Each structure stands twice: as C-alpha cells, then as structure tokens.
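Asks: I'd like to ask some things about the structure below.
Numbering (my numbering), first residue to last: 2 to 540.
Right under this line is the structure:
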C-alpha cells in the first residue's frame, strides 16, 4: 500500500531562555492578539488553557523589569509588563473567572478570560496561529510565568451553552497534528551543555529519551489522567550514604504546572535528614544553607523514583535524578534575596502527591489521549545530542509514522516505546478502508459528516468522526448554535466585581454576577491575591 497522507507532528521549539522565580525553567514562546504580543510560558500537563500575565500583576514594589521576569516580551518597541487586551483588535472578552488549576495545592487567582488569536513560537518561525482560542490574563503571582495547557479537555463557562476547545483540540480539528497526544520533557539548565525543553504535539522525539516498554493507563479522574504509583524512592551519596526514602506505595500525579515534588510528611522528614534541609514555616519550602549546599554539590547524590501501578519489577520504571535537578534558587517575591532551596513540599493529604516540573527535568512523558495511556522514560543527555527524530502517534486504528521533515512514512513499530500506535498490515488497512467508506456513506446519509475531518483521517479511524473519538470533546465549533451538555464539575461561573475570586472545590457552585463596568480599567483590573484561602463569592 502506498504512503498515507497524514499531518506531521508539530514540534513546538523552546524559547532558548531560562525563566522563573522558583528555578531556572525552559520556556516556550507564544504570540497572542492582533498585533501580536509575545510571552514566554511554561507547558502544563494538567491544564488545557492559555494564561498570560497582565500589567496589574506588576506593582510598585516589584523590580522595574517585572514584566520581563514574568516572561513578557517588549511590545511596540517598549518594555511591557503584561498582555494589553485593549491593544488587540481580535480580543473578545468572556469575563472574570476563577483559575481552577492547582486548587488542591493551594494555588489561587482569577483570570480575565476572552478569545483571541494565539500563535506558537516567534514571528516568522512557521509556527501555527489559531483564532478564537481561550486566553486568560492573570495577575496573581502564584503563577509567576504564563501557562500553556497541553490537554484536549474543553473549558466551560457559565455564560456559554457549550464548551470551548483547547489549543491541542483545535490543532487536531484543523488537521495540523495527527492525534491528541504529545511528548514533553522540561529540559535541564544544570546540564553541561544546558539542554532546553522539548515539546511535540501529535508525537514525540526519540532523541530525547531512553525508551522503556512500559505504559500506564490514564487515571479515572479526567483532571488527573497522568496519575501513577510511586513504588519507592532511594538515594545514593547523601549525607547519610545510601538511603531508602520511601518504601510504601503512593499514587502521584505527573504535573509540569508546579515546580516542586509533593510527598507525604514522613517521606519529607527522611529527605530532610538525608540532605540536611531546613524547613521554612513561612514559605513551606526546604532551604539549603551554604555549607550543606557545597557538600551536596561535591557528593552529587542520585535520587531514583520507581514508578508503577504494581510492585512487580517487570511493570515498573526507574527514573534517576542528579542533585542538580534539586539544586534550585528561589527569588523575589518568594524571597528578597536569591535563596537555595530543595523542590520538596509536604503534602497535607493524598490528593496533593505530585511529581512536578523538577522531576520532568530528567523524565520524558508521552501522553496519548486517543489510547488513554501514557509512558514515562529517562531523559537522554550527552555532550553532543543526536539530531531530532520525530515519531508520529496516530489515533486508534492508524499507522505509526516516522516524521523528520514534515512528511510521514510508515515504519515498523516493534522497537518503539509504548505510546506509539502499532503498525497494521496491508490487509487490515484495506479492510478498515472498506469499513470506513461504508461508515462515511452511512453518516452522510444521516447528515452528520464533519466538514473539517480529512478523508484520510476518517479512513484511518475506521470511519468514526473525530468529535466522537474522545469523550472530552463535544463537537461544537466556536460561535456555533449547536448545544451540548456541559461537564458539570468543571463549569465555572463568572466572579463578582466587589469580592475576591472564590476558592472552589470540585463541586462548589458560585452565584453568577456581572462585573460592573466601573470595575474595569484599561485594559482591565484584576484582584491580586497573595494568600491561598479565599472566601466564596456570593451568598
């Protein structure tokens, strides 16, 4: 059978900058609005929305370069402190809403939501630009840099009768990527040479990890699909030599949105003893004094996490991190002066167990929403990195393709890590094509064909329209009159203008209020929250 035409995976190149006030993180550039305003943002494996800082997040006590520190590029030839919605001709306001991401960890804030055009990578880079994307302007410093959500889940708002698609879903619906999937590693500033992050939509880069054959099913909670068991944690070359830091299994979430690793208090106590850490009750961070810091740099401890949903060694993956991955610095506004800290947090309960961005410096995650599974691999480092080798992931029933330059050709998938779609035989493909043709004819007769779905993808998918392949997508196009039932737990209600944003539980309901026009300033005014506890809006 000849080559099948499918979209190539989309490589989202990093910005080559290292940003953050809680570590040195590899960021990615996005373009928002018309004319375009640029931002360096962090990928979020738990989110699906795009958040960018606004000027209200930089106050008089902040450094003069606050905007740049928060990832904001100059705009119109001048330094900018955030997204100027009133300068974008394509901005359409939705309203002020609570930020629902990371509530379980105590993160707080509100976002001024709207629709706007969003492009990937800097101007003239060839990155796609999609109109009508959900964007939130944020002032809270709980999220110091902007966020780019990687998930396909839609956003729900109380003043819309249908959900709004995520950026990845839009890429797939517009035939710009082969599947709802991605491969990501956070990059490592401490490596010599430094190696930025890697992000591929619709596939993964085999040059960035050492493959293993283990995959894990998505978690049953669709807000925590990358949930995985931690079977054990060990460390070598610590102040106490080789130690076991955890031997009782816990269920944790792989989440690049947050920098730290959240573990049970008893495990944190063992880390504290093995690494000579000092707990700061004001910030809840573990600090490293200068003497201990020098010792640890010389010892260079190695910390290994054994991941798996069972204790069977054949079903587990071991990810090893050098001390450099934990040798982070916290800056303003966390501390007035740069302070060495260890990215470990005490979890108050089992809903907070998290493997954050620090972990993903040495791990590569492949998430495949079409097959509802993911895999975690040891990130690959060497002084002269091999060239990119991009492999496409197709939806169920598709072929696996090797893609290096925008063209796709079938390849044998036996050596690929789990997360790639297995190749199918010519005979099976022919049968699928016949079935697809019959199903397409059936759907056309019922008047239900999807005008945006390319025929090649319908054939590979066995004739199932894309909007029926994923339970998180409801098939409504932007500004469509077609109505769908909303995902109740994630429905957000607009926040009132006179009270601070409400900290919502999963099942909380907030009374809808319209914000008075006087509450808006140019471009708009947000409530800056410094704490983590907020009162519920409305009676």
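Every residue, glycine too, gets a C-beta built ideally from N, C-alpha and C.
Predicted model only: the values in this text are computed from it and were never measured.
Give me the Cα-Cα distance between residue 13 and residue 202, rounded to the nearest whole angstrom.
Replies: Computed Cα separation, rounded: 7 Å.
Asks: Which of the three DSSP states, helix, strand or coil, is assigned to residue 57?
Replies: Three-state DSSP puts residue 57 in a helix.
Asks: Can you give the Cα-Cα distance for residue 302 and residue 236, rounded to whole angstroms?
Replies: The straight-line gap from Cα to Cα measures roughly 7 Å.
Asks: If you follow the alpha helix (DSSP H) that residue 553 is in, where does it begin and where does it stop?
Replies: In the structure as shown, the chain begins at 2 and stops at 540. Residue 553 is therefore absent and cannot be evaluated.
Asks: Using beta-carbon positions only, say whether residue 54 and residue 138 come within less than 9 Å of one another.
Replies: A contact, by the Cβ cut-off of 9 Å.
Asks: Mind pulling the beta strand (DSSP E) runs of 3 or more residues that sit fully within the region 177-203?
Replies: DSSP runs (the beta strand (DSSP E)) wholly in the region 177-203: 182-186, 199-202.
Asks: Once the 5 residues before and after residue 226 are set aside, which same chain residues still bring their CB inside 6 Å of it?
Replies: Correct list, in chain order: 219, 220.
Asks: Kindly confirm or deny that the region 121-136 and the region 318-335 touch, where touching means at least three C-beta pairs closer than 8 Å.
Replies: The region 121-136 is not in contact with the region 318-335.
Asks: Please name the residue in 177, 15, 64 whose C-alpha comes closest to that of residue 337.
Replies: Out of 177, 15, 64, 64 has the C-alpha closest to the C-alpha of residue 337.
Asks: Is it buried or exposed, residue 372, if we count other Cβ atoms within 10 angstroms and call 16 or more buried?
Replies: Counting Cβ neighbours within 10 Å, residue 372 comes out buried, since at least 16 surround it.
Asks: Looking at C-alpha atoms only, which residue of 288, 345, 50, 98 is the closest neighbour of residue 167?
Replies: Nearest C-alpha to residue 167: 50.
Asks: I'd like to check one pair, residue 28 with residue 15: are the Cβ atoms closer than 9 Å?
Replies: Yes, they are a contact pair.
Asks: Rounded to the nearest angstrom, how far is the Cβ of residue 188 from that of residue 38, given a contact under 8 Å?
Replies: With 8 Å as the limit, residue 188 and residue 38 do not qualify as a contact, their Cβ atoms being about 24 Å apart.
Asks: According to the Cβ coordinates, are residue 150 and residue 83 closer than 9 Å?
Replies: Result no, Cβ atoms of residue 150 and residue 83 do not sit closer than 9 Å.
Asks: Who does residue 395 pair with in a DSSP beta bridge?
Replies: Paired residues: none, contrary to the question.
Asks: Let me confirm a value: residue 266 is counted as buried when at least 16 other C-beta atoms fall within 10 Å, else exposed. Which label applies?
Replies: When all chains shown are included, residue 266 counts as exposed.
Asks: Taking residue 397 as the reference, give the member of 60, 390, 370 with the closest Cα.
Replies: When each option's Cα is compared against that of residue 397, the closest is 370.
Asks: Tell me where the alpha helix (DSSP H) around residue 68 begins and ends.
Replies: Here the alpha helix (DSSP H) through residue 68 covers 67-70.
Asks: What do you get for residue 467, buried or exposed, if any count of 16 or more other CB atoms within 10 angstroms of its CB means buried?
Replies: With a pLDDT of 33 at residue 467, under the threshold of 50, the modelled position of this residue cannot be trusted, and the question is left open.
Asks: Specify whether the region 58-75 and the region 179-195 touch according to this definition: at least 3 beta carbon pairs, one from each stretch, less than 8 Å apart.
Replies: With the cut-off at 8 Å, the region 58-75 and the region 179-195 do not touch.
Asks: Rounded to a whole number of angstroms, what is the C-alpha to C-alpha distance between residue 395 and residue 170?
Replies: C-alpha separation (whole angstroms): 14 Å.
Asks: Can you name the start and end residues of the alpha helix (DSSP H) that residue 170 belongs to?
Replies: It spans 168-174 - the alpha helix (DSSP H) in which residue 170 sits, taken as one unbroken run.
Asks: Report yes if the C-beta distance between residue 256 and residue 45 is below 9 Å; otherwise report no.
Replies: Yes, they are a contact pair.
Asks: In angstroms, rounded to a whole number, what distance separates the CA positions of residue 264 and residue 91?
Replies: Rounded to whole angstroms, residue 264 to residue 91 spans 43 Å at the Cα level.
Asks: Whose C-alpha, out of 192, 262, 314, is nearest the C-alpha of residue 355?
Replies: Residue 262 is the option with its Cα nearest to residue 355.
Asks: Would you say residue 52 and residue 100 are within 9 Å of each other, going by their C-beta atoms?
Replies: Their beta carbons are under 9 Å apart, which means residue 52 touches residue 100 by this criterion.
Asks: In three-state terms, what does DSSP make of residue 324?
Replies: Helix, per DSSP.
Asks: Along the chain, where does the alpha helix (DSSP H) containing residue 291 start, and where does it finish?
Replies: Unbroken alpha helix (DSSP H) run through residue 291: 291-300.
Asks: Helix, strand or coil for residue 130 per DSSP?
Replies: Residue state, collapsed to three classes: strand.
Asks: When DSSP labels each residue in this structure, what does residue 40 get in the three-state scheme?
Replies: Three-state DSSP puts residue 40 in a strand.
Asks: For residue 20, I'd like the list of residues in its chain whose CB is within less than 7 Å of its CB, leaving aside the five on either flank, ordered along the chain.
Replies: Cβ neighbours of residue 20 beyond the five flanking positions: 26, 28, 41, 72, 146.
Asks: Which word fits residue 132, buried or exposed, when buried means at least 16 other C-beta atoms lie within 10 angstroms of its C-beta?
Replies: When all chains shown are included, residue 132 counts as exposed.
Asks: Taking buried to mean at least 16 other C-beta atoms within 10 Å of its own C-beta, is residue 315 buried or exposed?
Replies: Answer is exposed; the Cβ neighbour count stays below 16.
Asks: The beta strand (DSSP E) that contains residue 347, what's its start and end?
Replies: Unbroken beta strand (DSSP E) run through residue 347: 345-347.
Asks: Start and end of the beta strand (DSSP E) containing residue 29?
Replies: 29-33 is the span of the beta strand (DSSP E), which, as asked, contains residue 29.
Asks: Which runs of the beta strand (DSSP E), 3 residues or longer, sit entirely within the region 68-124?
Replies: Listed in chain order, the complete beta strand (DSSP E) runs (minimum 3 residues) inside the region 68-124 are 93-99, 111-121.
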